[in-house]
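Trainee: Mapping of the sequence shown onto the numbering used here: position 349 corresponds to residue 738, and the numbering continues sequentially without gaps.
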Amino acid sequence: MKKLHKLTILSFVGPFVATFFIALFVLLMQFLFKYIDDLVGKGLEWYVVAELLMYAVATLVPMALPLAMLVSSIMTFGNLAEKYELVAAKSAGISLLSIMKPLLIIVILISGVAFYFSNTVLPYTNLKMGSLLYDVRQQKPALSLKEGVFYNGIDGFNIRVGEKGDDNQTLKDIMIYDHTSGQGNKIVTVADSGSMKMSDDERYLLISLFDGQRYEEQDKRSNNVNTHPLIRSKFKSDLIRFDLSSFQLNRTNEDLFKDNFQMMNVDQLSTSIDSFSTVYQKRKFEFYKNLKPYYSFIKDSSFYSKVEPAKAFPLTNISKDQMRSITNSAISQTRSIKSYINASSNELSFRERSLARFKIEWHRKFTLSVACFVLFIIGAPLGAIVRKGGLGVPVIISVFFFLVYHIISISGEKFAREGVLEAYQGMWLSTFILLPIGLFLMYKASKDAALLNLDFYIGWFTKIFKLKK
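Set out below in structure tokens:
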């Protein structure tokens, strides 16, 4: 290996690894800000949150990898150009493409790994994270009894505590409404004091009550409206056990999420696309077949000019009752056809959107790999032109180009999802736009063009102004 190639590889690996993990960290913070309300206050174990964050990090790789590729390539060649190492190499007769050759091989290998990740690892992590995130969002908030506020988090009960001790176990002025009978507030328990604790298996909440009363309203046993049976009992101590199984994290069967397009690889997506296309075409043919008998098309446009209206529609010899019956039948049939058209149109639109989503996901498996290569083609010559290293100018330029790439990708995906563009057009739109820009920058960098030199543009405009004079 040439020393120059070794220098470029070592200059690239460090910034690439650093920017990749920095981008992952920033995107993970964005994920936490988005779902913080679903995670806080539910008493989740630390390993559940850690598992969710681990899957979230894996799903954020498709966005962090292209950004890291762009930033690291600009930083690498910006540092080489700033230290005049590119100038020394070019003065020795080595072209920019030759300097980039080892990095091109590395980028192609990274693109292959990115495709493997998108096709194999990402569907698995999407399945795990999707099912776990669904269970976490369905999880009830952790048990929290506040002073003077009715708490209805436990199924079938309303609990109010007047005062809580400093140990969070001693209670005073307790009132409990029992709704387990399904007939309203027929059982009420009040107590002067009490204490609460969890059972050993943390499945039950045990509340010990002291010096209290229980009021239980009975069903009426006579037809007398003024009769309201009531049982009142006093107790010195009592123990009520509340089932907390609904507060535990219940895991949903992951097989329920496997039919989602984000949980499939390329082969599964191809099979699903073929099945969806077959069903979609079959429903379109059935719609045409069922609707065709209600319409007739006349090829000869001169038909109405040759036939008199009375002879074409002989309705003059029928009675008013028959006319009314025919009219009502025609209106009813027209409404039936209209309802069928609307229902079929909604069904076909839904099937078309679902088919588009599967096609979009199929193309997404390849666009990640190509995006890494395209952004490297943009970043490497751009760094050589800018001639600035570090985390200043390269980061600003990288953010700008990445935003352009991300906006075009999101817009193209939305157009494909809504049926404005075909799936391949929408998903490859960013590549079609940015690849020529990268090749243009590569050409300018190989020719040492002053593309970002302000004096060059000032001189160019000065010459134009003189020619006009």
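All residues carry an ideal CB built from backbone N, CA and C; glycine is no exception.
Can you name the residues that DSSP bridges to Gly601?
Mentor: DSSP, once it has assigned bridges, lists Ala580 and Phe624 as partnering Gly601.
Trainee: My assumption, with CB atoms under 8 Å, is that Leu417 sits in contact with Val446. Please give the rounded CB distance.
Mentor: Contact holds; Cβ gap of about 6 Å.
Trainee: If you pair each beta-carbon of the region 816-828 with each one of the region 475-483, do three or more pairs fall below 8 Å?
Mentor: No, they do not touch.
Trainee: Please tell me whether, using a cut-off of 7 Å, the distance from the CB of Phe650 to the nearest non-hydrogen atom of the ligand PLP is below it.
Mentor: Although the ligand PLP was asked about, the structure shown includes no ligands whatsoever.
Trainee: Out of curiosity, what's the CA-to-CA distance linking Lys391 and Ser487?
Mentor: So the alpha carbons of these two residues sit roughly 11 Å apart.
Trainee: What would DSSP say about Lys490, mapped onto helix, strand or coil?
Mentor: In the structure shown, Lys490 sits in a helix (DSSP, three-state: H, G or I).
Trainee: Within the continuous beta strand (DSSP E) that includes Gly353, where are the two ends?
Mentor: With the chain represented from 390 up to 858, any question about residue 353 goes unanswered, as that position is not in the structure.
Trainee: Can you tell me which of the three DSSP states Phe631 falls into?
Mentor: Strand.
Trainee: Check the C-beta distance from Gln558 over to Met585 and give it rounded, since I have them as a contact under 8 Å.
Mentor: Going by Cβ atoms, the distance from Gln558 to Met585 rounds to 6 Å, so yes, they are a contact pair.
Trainee: Should Trp435 go down as buried or exposed, given a rule of 16 or more other Cβ atoms within 10 Å for buried?
Mentor: With fewer than 16 other Cβ atoms within 10 Å, it is exposed.
Trainee: In terms of alpha-carbon separation, which member of Ser721, Ile749 and Thr578 lies closest to Ser659?
Mentor: Cα-wise, what sits closest to Ser659 is Ile749.
Trainee: Taking 8 Å as the limit between beta carbons, can you name the residues of its chain near Pro783, skipping five residues before and five after?
Mentor: Hits under 8 Å: Val460, Ile463, Met464, Gly467, Gly772, Val775 and Lys777.
Trainee: In angstroms with no decimal places, state the Cα-to-Cα distance between Lys803 and Ala745.
Mentor: Straight-line Cα distance between these residues: approximately 10 Å.
Trainee: Going straight from the alpha carbon of Asn547 to that of Lys553, what length do you get?
Mentor: Approximately 17 Å between the Cα atoms of the pair.
Trainee: Output the distance between the C-alpha atoms of Lys472 and Ala453, rounded to the nearest integer angstrom.
Mentor: Roughly 28 Å between the two C-alpha positions.
Trainee: Residue ranges of each alpha helix (DSSP H) run of no fewer than 4 residues wholly in the region 401-429, ordered along the chain?
Mentor: If we require 4 residues or more, the region 401-429 turns out to have no alpha helix (DSSP H) run fully inside it.
Trainee: Would the region 662-680 and the region 726-739 be scored as touching if the rule is three or more Cβ pairs under 8 Å?
Mentor: The region 662-680 is in contact with the region 726-739.
Trainee: Examine the Cβ distances between the region 758-768 and the region 494-506 and report whether three or more of them are shorter than 8 Å.
Mentor: The region 758-768 vs the region 494-506: in contact.
Trainee: Is it true that the region 791-809 meets the region 539-546, where meeting means three or more beta-carbon pairs spaced less than 8 Å apart?
Mentor: Cβ pair count under 8 Å is below three, so no.
Trainee: In the DSSP assignment, what are the bridge partners of Leu566?
Mentor: The sequence given here has Tyr at residue 566, not Leu. Asn547 and Val577.
Trainee: Can you tell me whether Glu474 is helix, strand or coil according to DSSP?
Mentor: Helix.
Trainee: Does Lys852 come out as helix, strand or coil in the three-state DSSP assignment?
Mentor: Residue state, collapsed to three classes: helix.
Trainee: Here's the rule I'm using: 16 or more other beta-carbon atoms within 10 Å means buried, otherwise exposed. How should Val496 be labelled?
Mentor: The residue in question, Val496, is buried, as its Cβ has 16 or more Cβ neighbours within 10 Å.
Trainee: Taking only the alpha-carbon atoms, compute the straight-line gap between Lys490 and Leu441 and give it to the nearest angstrom.
Mentor: Whole-angstrom Cα-Cα distance: 39 Å.
Trainee: Can you give me the C-alpha to C-alpha distance between Asp567 and Lys535, rounded to a whole angstrom?
Mentor: Those two C-alpha atoms are separated by around 19 Å.
Trainee: What does the alpha-carbon distance come out to for the pair Leu633 and Ile596?
Mentor: Approximately 13 Å between the Cα atoms of the pair.
Trainee: State the start and end residues of the unbroken alpha helix (DSSP H) segment that holds Arg806.
Mentor: Its alpha helix (DSSP H) spans residues Val782 to Arg806.
Trainee: I need the boundaries of the alpha helix (DSSP H) containing Tyr729, first residue and last residue.
Mentor: Per DSSP, Tyr729 belongs to the alpha helix (DSSP H) from Lys709 to Val775.
Trainee: By Cβ distance below 6 Å, which residues in the same chain neighbour Glu606 in space, the five residues on each side in sequence not counted?
Mentor: So the list reads Lys575 and Leu619, once near-sequence residues are dropped.
Trainee: Taking its Cβ as the centre, do 16 or more other Cβ atoms sit within 10 Å of Leu628, making it buried, or is it exposed?
Mentor: By the 10 Å Cβ count, Leu628 comes out exposed.
Trainee: DSSP three-state label for Lys517, please.
Mentor: Helix at Lys517.
Trainee: Suppose the cutoff is 6 Å on Cβ atoms and the five residues either side in sequence are ignored; what does the same chain contact list for Asp600 look like?
Mentor: Asp581.
Trainee: Take Thr509 and list the residues in its own chain whose beta-carbon comes closer than 8 Å to its own, dropping the five residues that flank it on each side.
Mentor: Closer than 8 Å at Cβ, skipping near neighbours: Asn654.
Trainee: What are the boundary residues of the alpha helix (DSSP H) that Lys671 is part of?
Mentor: That run of the alpha helix (DSSP H) goes Val655 to Leu680.
Trainee: Inspect the beta-carbon positions of Leu594 and Met587 and report whether they are closer than 8 Å.
Mentor: Result yes, Cβ atoms of Leu594 and Met587 sit closer than 8 Å.
Trainee: Excluding the five sequence neighbours on either side, which residues of its own chain have a C-beta within less than 8 Å of the C-beta of Gly403, listed in chain order?
Mentor: No residues qualify anywhere along the chain.
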